[in-house]
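Colleague: Residue 116 in the working numbering is what sits at position 115 of the sequence shown, and the numbering runs on without skipping anything.
Beta carbons: idealized from backbone N, C-alpha and C, even for Gly.
Below you'll find the structure I mean.
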Amino acid sequence: MPLVRIDALRMPPSRLEALGDAVHQALMESIGFPADDRFQILTSHDGTTGTLRHGTYLDIPRDDGIVYIDITMRASRTDGQKRKLYASICALAHERADVAPHNVFIVVHENTPADWSFGHGQAQYLM
């Protein structure tokens, strides 16, 4: 179960939706998540009441086309799976949402089964 948060700056709804689709496809193909396991928070900041900051850390030139993709999922994926995921997200984001590869910033957070509740106040993975 991944929880995906995507933040972009002044991205039209159709592109933001395409970006969400791209990330979900990459998660399905790289890690094996099922199609209906889709929990996403998609936000386009207007640049005034909300904005995104970026630098050139690691000598990667970034601009206002940057997208931050924050993925939380249970631990157990290999480094190889994560590398495949990052490459797939980047390629699909470029193809489907016209996001330049240098502007795709991804972070993965891992946790344990006890850290999830899908509803009804229960820890379904612990049952």
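Going by the beta-carbon positions, is the gap between Arg75 and Glu111 smaller than 9 Å?
Modeller: A contact, by the Cβ cut-off of 9 Å.
Colleague: What do you reckon, are the CB atoms on Arg97 and Asp22 nearer than 9 Å?
Modeller: Yes, these two residues count as a Cβ contact at 9 Å.
Colleague: What residue from Pro62, Val109, Pro114 and Gln123 has the CA that sits closest to Ala101's CA?
Modeller: When only C-alpha atoms are compared, the closest one is Pro62.
Colleague: If I follow the unbroken alpha helix (DSSP H) through Val24, where does it start and stop?
Modeller: Per DSSP, Val24 belongs to the alpha helix (DSSP H) from Pro14 to Ile32.
Colleague: Quick check on the DSSP output: the beta strand (DSSP E) that includes His46 runs from which residue to which?
Modeller: From DSSP, the beta strand (DSSP E) with His46 extends over Phe40 to His46.
Colleague: Can you grab the Cα-Cα spacing for the pair Val105 / Trp117, in whole Å?
Modeller: Straight-line Cα distance between these residues: approximately 27 Å.
Colleague: Ends of the beta strand (DSSP E) at Ala94?
Modeller: Premise fails: Ala94 lies in the alpha helix (DSSP H), Asp80 to Ala98, not in any beta strand (DSSP E).
Colleague: Less than 8 Å between the CB atoms is what I'm expecting for Ile32 and Ile70, so what's the real figure, rounded?
Modeller: 14 Å between Cβ atoms; not a contact.
Colleague: Can you have a look at Ile90 and say buried or exposed, based on whether 16 or more other CB atoms are within 10 angstroms of its CB?
Modeller: With 16 or more other Cβ atoms within 10 Å, it is buried.
Colleague: By the 10 Å Cβ neighbour count, where 16 or more other Cβ atoms means buried, how is Ile42 classified, buried or exposed?
Modeller: Exposed, since its Cβ has fewer than 16 Cβ neighbours within 10 Å.
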